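Numbering (the numbering used here), first residue to last: 1487 to 1706. Backbone N, C-alpha and C define an ideal beta-carbon position, used for all residues, glycine too. Just so it is clear, the structure is predicted and the values come from calculations on it, not from any experiment.
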Amino acid sequence: MLFSFFFFTNAQLMNEYKINDLFSVRQGKQMLNKNKQITNSQNDKGFLNSNVIKVLTMSSINFDNKTIEPDFFLDYVTNKANDEDNFLSADNYIINRVGKIKSVSLLDFVDFDFTETNVLASNHFIVLTPRKIVLENLPLFHTLVDVALKDLMDKKITTKVQSVSVKEIQNITISIPPEGFDTLTRMFMEIYQPYLNSLKNLKFHKNLLEGFKNELNKKQ
């Protein structure tokens, strides 16, 4: 692939950055009040005006198909306003912490609108939030994270260590060419934009097919 050729033949010219230089890195929410029900008798215990926030877990996300299943969200009860800063958005990149390491850019989840549903990541995930310096070319930087994570994933498989920490992710190095970055970005977008359009088209027709199946089922 031309993109790979350009990227790796210029390796001697690379500037190196830690992931923590480009993204803030945090662990997801520890759900102490998971699935707790609010009743009138609890109002005097600090649950008055509490919010029930949806929580993304491993059961509610499919890394391979780039889909989210809202029916499998967990509920988290909170009366803290500061959770708002931790709501997931399409700009986030997430990594599961325990078990076989998987990671994905939430930009790929084209059939889920993070602006309509407030969702927290559970503590099973590590969440990367872009800093301002990468926002303009975020799809490319998410792809660079993909590339940078591969060595860590391979190492974890070799050593049979089935977990990853925030510190490990923060210290991973990303290599970026100081010259020709505009060319690299253009080449990437020539690949990425058709991919994204195809993904949207696939999800759209998949939803049409599921709707058709449901109508057939009603006639049985």
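Starting from the C-beta of residue i, find all residues in its chain whose C-beta is less than 6 Å away, skip the five residues before and the five after it, and write them out in chain order.
| i | result |
| --- | --- |
| Lys-1689 | Val-1596 and Asp-1597 |
| Lys-1552 | Asp-1594 and Phe-1595 |
| Leu-1630 | Ile-1660 |
What are the boundary residues of the beta strand (DSSP E) that includes residue i?
| i | result |
| --- | --- |
| Leu-1614 | 1611-1616 |
| Asp-1561 | 1560-1564 |
| Asn-1501 | 1501-1504 |
| Lys-1540 | 1537-1542 |
Check residue i in the structure and name its three-state DSSP category.
| i | result |
| --- | --- |
| Ser-1551 | Correcting the residue type first, residue 1551 is Asn in the shown sequence and not Ser. Here Asn-1551 sits in coil by DSSP. |
| Phe-1509 | strand |
| Ser-1490 | Its pLDDT being 43, under 50, Ser-1490 is placed unreliably in this model, and the coordinates cannot settle the point. |
What does the alpha-carbon distance come out to for the pair residue i and residue j?
| i | j | result |
| --- | --- | --- |
| Asn-1683 | Asp-1561 | 33 Å |
| Lys-1704 | Ile-1662 | 55 Å |
Alpha helix (DSSP H) containing residue i: first to last residue?
| i | result |
| --- | --- |
| Lys-1704 | 1667-1704 |
I'd like the list of long-range same chain contacts for residue i, defined as Cβ closer than 8 Å, with 5 residues on each side in sequence excluded.
| i | result |
| --- | --- |
| Asn-1657 | Lys-1504, Ile-1505 and Asn-1506 |
| Val-1605 | Ile-1539, Lys-1540, Val-1541, Leu-1542, Phe-1559, Phe-1573 and Leu-1574 |
| Glu-1555 | Ser-1545, Ser-1546, Ile-1547 and Asn-1548 |
Between residue i and the rest of its own chain, which residues show a CB-CB distance below 7 Å, the 5 nearest in sequence each way excluded?
| i | result |
| --- | --- |
| Ile-1655 | Ile-1505, Val-1511, Ile-1581 and Ile-1612 |
Sequence ranges, alpha helix (DSSP H) only - wholly within the stretch 1575-1663, length at least 4: Counting whole runs of 4 or more residues, the stretch 1575-1663 contains the alpha helix (DSSP H) stretches 1618-1621, 1624-1645 and 1652-1656.
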